[in-house]
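Following: one structure in structure tokens, then a few remarks.
Chains as they are written, first to last, in the working numbering: chain A, 1 to 269; chain B, 1001 to 1160; chain C, 2001 to 2458; chain D, 3001 to 3227.
This is how it looks when you write it as structure tokens:
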């Protein structure tokens, strides 16, 4: 019996030593504790999973996107073949690209739901306005990433959706011609178009997306999860109760006689 | 060394609730770690399983290689641009195309940015701020109806 | 006598169907709109605790329940007339839309049960108001579902999908199903709203007691708010609807917009003008009684009234001198009237009317939020409401006539289609790629209606 | 952590920040901007197009049928990124990148007095054109030939030819834009008729086009935005 208990206590001491060492050097334990043990509203926990589902889907996109980079070739004559290779030759290629495609669709649907939930539950009220603004920036970035990503496979769908998208862009006043020449890398579709879309889709926008997600999460944790008004029912009831009592005293002071009932609102003057 | 965090909120009795601090702290709270992370993980696993299953059931599409000289192909936008393409239909004519295609979406995005400053009411629940809720519902309904109109136009187009 | 050859002596088959369906639609549209308006009014009464919402909701519910029976009777006689006078066509329609009709029947059943129950338990459920209000909205929802099913059939007759009828998605979601449904959804509210406003005005002019005057003055205001509020959405939805018709049934579009029946839309423009000017004038007049007087807003409202008049008149100008088949002046079709053609003038007129309408309604809602002194409205403002009621009934009937006559493509008394480009008025199949024609295995094509082989088709 | 210490900033420090900041700022913004916006500068400032300013053969005029349009595919070489002439000349063995374009060609159609459609196909073409065409034959052909781009003027979808009982029409499948056989606007959302290539007919009875649309009017030939 002694060996097991001695081994356990030795292990416990070693664990404690490592934890203390890390805590003193990096303060990581307190940080983890602040991250993990933060109180969050209870009643609507399931609704708030919308936000974390969006986060999960974006990380899924980053992961599968990087994996796809191992095989994808961004030139006009090889792009399609490289994707054909991924889909048919690479092990689990269909799965990785499938996840990238489907989680993109789910991501946009989830962002729609998440935004609707925050809007209708009033989650953007003070002091959380900035978090809403950062959320809208994230929405725009994801939509543009989705548009540029759609062109990379260089098949009929991708090409023509891009042609139509850019032609819509060319209608914008003043900057129409410049944006389209910037996107196409010249004045007609060619090899430069696909390498520019590749650069925008793979690095420019994700590099912009990552810090904004960080800010979004930091602001969330700074003010705590607001959730919905249903989370504050009891406190709201107590507040209204206290206000009503104060109102009654107010009547008594003005009229001098005890309060008998609510004066009819539609009292005609 | 590490500050133990209490699960329960501060007892409510001594605290005087005012207009400002009513939304300070929810009535009942749970710790983020076990419960909320579990719910999140549950939803995330569901999504991952859905994506994986769908990627085999209906694989990511790859039609024939791009050919800019085709006259038989019918381009279609992705599903999340359906409502945008249908909304363009309501702005015919040279002057209105650029108006409907660019200016209307830009104004919409700017309004979206300014939502917290447009609706400053104290109360957050949607029943207590009818103006914002009605406009929000209107936008959602218009988007859904435009999507439906795009679907009915796409499946019915006489071309194919 | 072959089936389907039954003739109605003097007035003819089409007039029988037209009379029945026009009167039915006047009842049905009001009922669907009124149920939802009453439910919303009850909810507002619950929230604002003002007694007049409750009183209005209850009276409107009673009136709807009274109307319901006669509306339903008209519907059944209409179906009876269809089965006897157009048996071949109706049985063919049943082949396509059997399930849709079945769902519609059950929705109608649900509506009957819930609307009557909703009204009769008004006092029993008084202590659980939220449950009662949800009952009202469920009744409204059932009504809307029944209308959606009927819209699928109506839109199919005007713009049939070219897919075989086994393709359920294309048959149900044909080209004009969604815009037609939106157009009627908004139309029901606007129609019911104007009728309520007209009724409120009539009772206001006749009422003697002080609280009656307040109540009916408020009812006129509440009705016109619904009526005009939803009326200004109609132009853009109507545009979507006509675009759908043009894309899939060009001749039908030409008939109602450019051909013999173009005068119908001139008539509609006149109704639109009367209702818009009457409503805006009413709003401007009522702004004087706002609890928080806003002089600047009132002046802007007067400006808006001017603009409304300008835009509505712009819409009324006919495109060419051929006003009505038989009424021409100065060379008829040839002479183009300036400011008359659709693009850009009528387009600007409609957009202008909508924008000014939104502005005025927003202005008026802002004033409503702070409340009005009721009971002091002038006689003229009530006459404005009174004019709107018959106009909206005429609009409903004109629009019914337009959509049904859009299929009378070649304008001969005997010509035209029952299902566009597919089943004619004499109930025989016209061309081969119509869904009624089925391609069997050996490549020959037979007409599912009368079983004869159809020539050609490759 | 140590508490904050706020020393005052002297004029010298401020100047230091100014100078060093401008150097680093300028170096890290101007070259990268030019680097990225290169194509915009090439097209707008230096007026170059990605497609060399040469004539490309479309096809013989005898192949264009009388009543309906025929589509030819023309491969325009593209001077972009790694397929620029300079890159290829330095001995790097890559075959030129080309953008195939669909070109609709048809004979002009006018309605004579009683509304009958008359196709302006010259007789000598109908009876088989001998190769050395005379000047006025070329003039007549160039007057009656439509050379249209297949890209719809509304949003650039590929326009197709739909045969109908009375001849036919160009239909854009995306939003239902309709053009007649001459490429003029008939109906639907497009703001104008179809784009026309600048084209010429030579003695060898072949059509030659440049990769630019002569939209006429004050703007003159317009570099095609897309494709």
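Beta carbons: idealized from backbone N, C-alpha and C, even for Gly. Predicted model only: the values in this text are computed from it and were never measured.
- prompt: Is it the case that the Cβ atoms of residue 3112 of chain D and residue 3078 of chain D are separated by a distance below 8 Å?
  reply: no
Subject >> Minimum Cβ-Cβ distance from residue 74 of chain A to chain B less than 8 Å >> reply: no
Query raised in the report: For the ligand NAD, any of its heavy atoms closer than 7 Å to the Cβ of residue 2087 of chain C?
Result: Although the ligand NAD was asked about, the structure shown includes no ligands whatsoever.
Q.
On the criterion of 16 or more Cβ atoms from any shown chain inside 10 Å, does residue 223 of chain A qualify as buried, or is it exposed?
A. exposed
Notebook entry, point to check: Does residue 3021 of chain D get closer than 8 Å to chain A when you measure Cβ to Cβ?
Noted result: no
Can you tell me whether residue 3009 of chain D is buried or exposed, with buried defined as 16 or more other CB within 10 angstroms of its CB? exposed
**Message:** Using a Cβ-Cβ cutoff of less than 7 Å, which residues in the same chain neighbour residue 2180 of chain C once the five nearest sequence positions on both sides are dropped?
**Reply:** 2151, 2154, 2155, 2241
message = Tell me which residues share the same chain as residue 2043 of chain C and place their Cβ nearer than 7 Å to its Cβ, disregarding the 5 neighbours each side in the sequence.
response = 2133
Which chain D residues sit within Cβ distance under 9 Å of residue 1075 of chain B? 3155, 3156, 3157, 3158, 3173, 3174
Review point. Applying the criterion that 16 or more other CB atoms from any shown protein chain within 10 Å of the CB defines a buried residue, is residue 2049 of chain C buried or exposed?
Key: exposed
Assuming residue 3106 of chain D contacts residue 3064 of chain D (C-beta within less than 8 Å), just tell me the rounded distance between them.
7 Å
Notebook entry, point to check: Using a Cβ-Cβ cut-off of 7 Å (strictly less than) and excluding sequence neighbours within five positions of residue 267 of chain A, which residues of its own chain qualify?
Noted result: Caution is warranted here: a pLDDT of 47 is assigned to residue 267 of chain A, below 50, making its placement in the model unreliable, and the coordinate value is therefore given only provisionally. Answer for residue 267 of chain A: no residue qualifies.
Whole angstroms is fine: what's the gap from residue 1136 of chain B's alpha carbon to residue 2260 of chain C's?
43 Å
### Query
In three-state terms, what does DSSP make of residue 1074 of chain B?
coil
Checklist entry - Cβ of residue 3102 of chain D within 8 Å of Cβ of residue 1070 of chain B? => result yes
Taking 7 Å as the limit between beta carbons, can you name the residues of its chain near residue 323 of chain A, skipping five residues before and five after?
With chain A covering 1 to 269 only, the question about residue 323 of chain A has no answer from this structure.
Report the option in C:2300, C:2040, C:2314, C:2038 whose CA atom is closest to the CA atom of residue 2361 of chain C.
C:2300
Apart from the five residues on each side of it in sequence, which residues of its chain come closer than 7 Å, Cβ to Cβ, to residue 2 of chain A?
none
Counting only C-beta atoms, is residue 2127 of chain C closer than 8 Å to chain B at any point? no
task = Indicate the three-state DSSP secondary structure (helix, strand or coil) for residue 6 of chain A in the structure shown.
result = helix
(message) I want to see whether chain B comes within less than 8 Å of residue 173 of chain A, judged by CB atoms only; does it?
(response) yes
Report task. Spell out whether any CB of chain A is found under 8 Å from the CB atom of residue 1155 of chain B. Result -> no
message = With H, G and I counted as helix, E and B as strand and the rest as coil, what does DSSP make of residue 2077 of chain C?
response = helix
Worksheet item: What is the DSSP secondary structure of residue 2374 of chain C, counted as helix, strand or coil?
Response: coil
Counted within 10 angstroms of its Cβ, other Cβ atoms place residue 2276 of chain C as buried (16 or more) or exposed: buried
(message) Pull the bridge partners of residue 3109 of chain D from the DSSP assignment, please.
(response) D:3119
- Message: So residue 1136 of chain B contacts chain A; which residues on that side make the cut at Cβ distance below 8 Å?
- Response: 116, 119, 120
Give, in chain order, every residue of the segment 185-213 of chain A whose Cβ lies closer than 7 Å to some Cβ of chain D.
185, 186, 187, 188, 189, 190, 191, 192, 195
Can you give me the C-alpha to C-alpha distance between residue 67 of chain A and residue 59 of chain A, rounded to a whole angstrom? 12 Å
Chain-ordered neighbours of residue 1097 of chain B on chain D, where CB pairs are closer than 7 Å: 3191
Check your understanding: Between residue 131 of chain A and residue 216 of chain A, which are expected to be in contact by the criterion C-beta below 8 Å, what is the C-beta distance as a whole number of angstroms?
Key -> 6 Å
Residue 121 of chain A lies in the beta strand (DSSP E); which residues open and close that run?
-> Where residue 121 of chain A is concerned, there is no enclosing beta strand (DSSP E), given that its DSSP letter is neither H nor E.
Alpha carbon of residue 269 of chain A to alpha carbon of residue 2221 of chain C, nearest angstrom:
With a pLDDT of only 40 at residue 269 of chain A, under 50, the local geometry of the prediction cannot be trusted, and no value is derived from it.
ask   = Taking all protein chains shown into account, do 16 or more other C-beta atoms lie within 10 angstroms of the C-beta of residue 133 of chain A, making it buried, or fewer, making it exposed?
value = buried
- prompt: Per DSSP, what kind of secondary structure is residue 2418 of chain C in: helix, strand or coil?
  reply: strand
Can you check which of these residues, C:2158, C:2290, C:2283, is closest to residue 2250 of chain C by C-alpha distance?
C:2158
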